[in-house]
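Notes for the one structure printed next.
What follows is the structure in structure tokens.
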């Protein structure tokens with residue numbers, strides 16, 4: 315099973331579409347849920363603001379405890395479905411700015427989920443020590459379509475494309491370039 319969460323992020327539509335494609339490719343059920351927690355909280359980050367600047371620093375993009383919330387929701391779903399693991403796509407590049415992408419966070423999340431589910435669910439992230447370039451290389455080795463992913467902080471444009479300018483798009487473009495891949499049709503600029 316797969317879980318996609320709409321937590322009010324601008325990129326929800328693009329993320330949901332990519333999650334649906336990946337779940338279909340894997341032949342698993344995609345469960346969708348929505349939480350309104352961040353909508354009513356002050357200082358929840360630029361990922362909820364239509365006009366955030368392209369050069370926004372990590373403090374402006376931080377969503378408080380986001381990955382802890384997502385792991386918790388995943389563990390609840392996993393435990394109720396009789397599954398034993400919650401997997402997340404954490405990575406080393408994001409961990410530089412966002413500690414909830416780090417190896418130490420993953421270890422803490424694993425311990426927390428173990429306690430929260432009486433040892434029935436574990437947290438894992440095979441990519442936690444990989445750069446985005448290494449993740450792209452892995453996807454290429456597996457023959458998975460990169461044009462069915464969504465990394466943008468903004469909503470997709472009318473053509474379903476990512477903005478190409480936000481920090482996440484810039485990191486993706488660097489990872490693609492490091493692997494000799496050009497996906498210019500996936501970016502609006």
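Numbering (my numbering), first residue to last: 315 to 503. Beta carbons are placed, not taken as given, at the ideal position from N, Cα and C, and that holds for glycine.
Grab me the residues of residue i's own chain with a C-beta within less than 6 Å of its C-beta, minus the 5 sequence neighbours each way, in chain order.
i, result
"residue 380", "none"
"residue 489", "446, 447, 450"
"residue 414", "381"
"residue 442", "404, 417, 420"
When DSSP labels each residue in this structure, what does residue i get in the three-state scheme?
i, result
"residue 336", "helix"
"residue 501", "strand"
"residue 325", "coil"
"residue 379", "coil"
"residue 451", "helix"
"residue 402", "coil"
"residue 344", "strand"
"residue 387", "helix"
"residue 354", "helix"
"residue 397", "coil"
Excluding sequence positions up to five away, which residues of its chain have a Cβ less than 7 Å from the Cβ of residue i?
i, result
"residue 500", "461, 475, 476"
"residue 482", "465, 466, 467"
"residue 480", "368, 466, 467, 468"
"residue 344", "316, 318, 333, 334, 337"
"residue 388", "317, 400"
"residue 326", "320"
Following a CB-centred definition, is residue i positioned closer than 7 Å to any heavy atom of the ligand COA?
i, result
"residue 469", "This structure does not include the ligand COA; it has no bound ligands of any sort."
For residue i, which of the options has the nearest alpha-carbon?
i, options, result
"residue 427", "450, 457, 393", "393"
"residue 423", "321, 468, 385", "385"
"residue 438", "346, 420, 432", "420"
"residue 390", "319, 484, 408", "319"
"residue 375", "324, 491, 472, 470", "324"
"residue 330", "456, 400, 463, 342", "463"
"residue 472", "328, 322, 353", "328"
"residue 402", "383, 395, 396", "383"
"residue 350", "458, 409, 322", "322"
"residue 395", "491, 456, 342, 458", "342"
"residue 263", "456, 502, 486", "Here the chain has residues from 315 to 503 only, and residue 263 is not among them."
In its own chain, which residues sit with a C-beta less than 8 Å from the C-beta of residue i, not counting the 5 before and 5 after it?
i, result
"residue 291", "With the chain represented from 315 up to 503, any question about residue 291 goes unanswered, as that position is not in the structure."
"residue 355", "378"
"residue 398", "392, 434, 435, 436"
"residue 444", "405, 406, 452"
"residue 430", "386, 389"
Residues bridged to residue i by DSSP?
i, result
"residue 317", "345"
*What are the uninterrupted segments assigned as beta strand (DSSP E) that are 3 or more residues long and contained completely in the stretch 405–492, given in chain order?*
Runs found: 436–438.
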